[in-house]
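Scroll down for the structure; my scribbles are underneath it.
Residue numbers (the numbering used here), protein chains in the order written: chain W, 1306 to 1586; chain A, 1306 to 1586.
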């Protein structure tokens, strides 16, 4: 169960007229709470602000969001030491019709729910992914953003929810691998790390940014490069990133197998040293 | 104000956990009520069923939808003779995470709100449109469907909500004109009618289908053909279709002017004779 809060009170409902429900007109952030603190808070705030800017929604004051989140954690049944929080900022309740007026003020909701890290084997042996049939539409006006329009991820994830794979990789309409349904993907070829560009579709995860930034500080570059699904055979190692689980190796995708190799291991160690304790081995 | 109903009761809220709010995981139909009857009911039901099929949502029984809509109309403050109804079918409340389980049952909501036809000048003189900067992402998994993921339309319509044009035309990422933000578009060139394909993006309106079907019965074909924004100068006439207003001529788009010509007039007359009284001149 998720506990939800708004305006300092527990809530269970939103108005039907909320534009988040009517049109998916809003954004959200899913934040890892570790040792009572929101991890990568600044990155979450910056992505949310970028989303608000793109969508024309007033970005709430950061202090308002921090206070609201702290209140939610305090009153939620989830563990304050380790849980998952969610902030939803929708365009608010409005008149009928797609266009907004100036009258709406954003709806801000805070959720907290229990979570636990994947088991040690996940980090040690890696996980299996599938290649999803659902493609991501290209040149999306909201590429990179975490909006409430998430049908592509819903459809892609529904493909393997019954078979139980950890994650599915999604391609764009042109056959480029873009990201997982709930994660970003990194490839290692000849010891070089790359990750797909997200300027045409996909979600730019905060952990992806954290990895790129952190590796750069270690003089380890990450190339932003497209990769076709047909090239998966030529890749040496693959790993996924996500705000909750951090970094997880991928051991295979359908018929293709990858080793959990040295570059992935080194990345996991570096990230564990930089606030992502989950991937400590 | 819109009056909303669910399960035979007036409602104002949905659960925060409704997948419609969390992910835009659902569909809707906006239905014209004329003389106490839902117009183009069968087309609405068929599009909704196609959407449910694509999204993997159980299509509610048609009788359940008809009964729910009749109940909403009966208890709403909107005029039963002439108003707008909305049916929302979301994937229902579920566990956290994009993937659905088998446990969800759809949420079904019925709304009714007052509406009135555009003034006679709209049908006589035509209206102005703008060309929106917001592009539609191409090769969408939900092309043609009326899902609750409507951010592109929100962004496009927000471009001209302040300047007050009647409608905006949206292009796909490749510069093809696809549709209006809340309407479909038809072009007349050398007396031939065409309308853009909607297999890569856009919404396939029920009135568009009604026009194509009706004109075909009169031995007047409508060609499904892409048109680039750069070709707008070469077009003789333009008209829009929408479930509520029927057929409306377009007199211009920014610097380009079009006459309200004979083919548009004839189409309006034919449609007025086929249940779309609004466009009777």
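We put the CB at the ideal spot given by N, CA and C, even for glycine. Keep in mind that this is a model prediction, so the values were computed, not measured.
*asked:* Using only the alpha-carbon positions, how far apart do residue 1423 of chain A and residue 1309 of chain W sit?
replied: Looking at the two C-alpha atoms, the distance is approximately 42 Å.
*Could you give the distance in angstroms between the alpha-carbon of residue 1365 of chain W and the alpha-carbon of residue 1410 of chain W?*
10 Å
*Bridge partner(s) assigned by DSSP for residue 1532 of chain A*: A/1482
_By the three-class DSSP mapping on this structure, what secondary structure does residue 1476 of chain W have?_
strand
_Where residue 1325 of chain W meets chain A, residues with beta-carbon distance less than 8 Å_ = 1326
*Just the Cα atoms here: how many angstroms apart are residue 1570 of chain A and residue 1321 of chain W?*
39 Å
*For residue 1540 of chain A versus residue 1490 of chain A, is the C-beta distance shorter than 8 Å?*
no
*Return the chain-ordered list of same chain residues with a C-beta closer than 7 Å to the C-beta of residue 1556 of chain W, the five sequence neighbours on each side being excluded.*
1430, 1431, 1432, 1433, 1562, 1563, 1565
_Please report the straight-line C-alpha distance between residue 1335 of chain W and residue 1534 of chain W, rounded to a whole angstrom._
28 Å
*Going along chain A in order, which residues have a C-beta closer than 7 Å to the C-beta of residue 1502 of chain W?*
Those within 7 Å of residue 1502 of chain W in chain A number zero; the least Cβ separation is about 15 Å.
*Which of helix, strand or coil does DSSP assign to residue 1283 of chain A?*
Residue numbering for chain A in the displayed model covers 1306 to 1586; residue 1283 of chain A lies beyond these limits and cannot be assessed.
*Amino acids of chain W, ordered along the chain, whose beta-carbon sits closer than 9 Å to that of residue 1527 of chain A*: Around residue 1527 of chain A, no beta-carbon contact reaches into chain W at under 9 Å, the shortest distance being about 26 Å.
*Hey, how far is the Cα of residue 1358 of chain A from the Cα of residue 1450 of chain A?*
11 Å
*Contact list for the stretch 1396-1424 of chain A against chain W, Cβ threshold 8 Å*: 1396, 1401, 1402, 1403, 1404, 1405, 1406, 1414, 1416, 1418
_Euclidean distance between Cα positions of residue 1399 of chain W and residue 1384 of chain W_ = 35 Å
*Nearest-angstrom Cα separation, counted from residue 1367 of chain W out to residue 1350 of chain W*: Distance from the CA atom of residue 1350 of chain W to the CA atom of residue 1367 of chain W, rounded to whole angstroms, is 7 Å.
_Local Cβ density within 10 Å of residue 1455 of chain A, reported as buried at 16 or more and exposed below that_ = Flag for residue 1455 of chain A reads buried.
*Which of helix, strand or coil DSSP assigns to residue 1522 of chain W*: helix
*asked:* Does residue 1391 of chain W pass the burial test, meaning 16 or more other C-beta atoms within 10 Å, or should it be called exposed?
replied: buried
*Exposed or buried, residue 1405 of chain A, counting other C-beta atoms within 10 Å across all chains shown (16 or more means buried)?*
buried
_Tell me which residue opens and which closes the beta strand (DSSP E) that residue 1326 of chain A is part of._
Segment 1324-1328 is the alpha helix (DSSP H) holding residue 1326 of chain A; no beta strand (DSSP E) there.
*Can the beta-carbon of residue 1378 of chain A be found less than 8 Å from the beta-carbon of residue 1315 of chain A?*
no
*Reduced DSSP secondary structure (H/G/I, E/B, other) of residue 1438 of chain W*: In the three-state DSSP reduction, residue 1438 of chain W falls in the coil class, being neither helix nor strand.
*Would you kindly report the start and end of the unbroken beta strand (DSSP E) that includes residue 1309 of chain A?*
From DSSP, the beta strand (DSSP E) with residue 1309 of chain A extends over 1308-1311.
*asked:* Just list the residues that DSSP pairs residue 1547 of chain W with in beta bridges.
replied: W/1551
*asked:* Going by the DSSP bridge assignment, what does residue 1562 of chain A pair with across the sheet?
replied: A/1557
*Listing by chain order, which chain A residues have their CB less than 8 Å from the CB of residue 1318 of chain W?*
1318, 1319, 1320, 1321
*With 16 as the cutoff for other CB atoms within 10 Å, does residue 1585 of chain W come out buried or exposed?*
exposed
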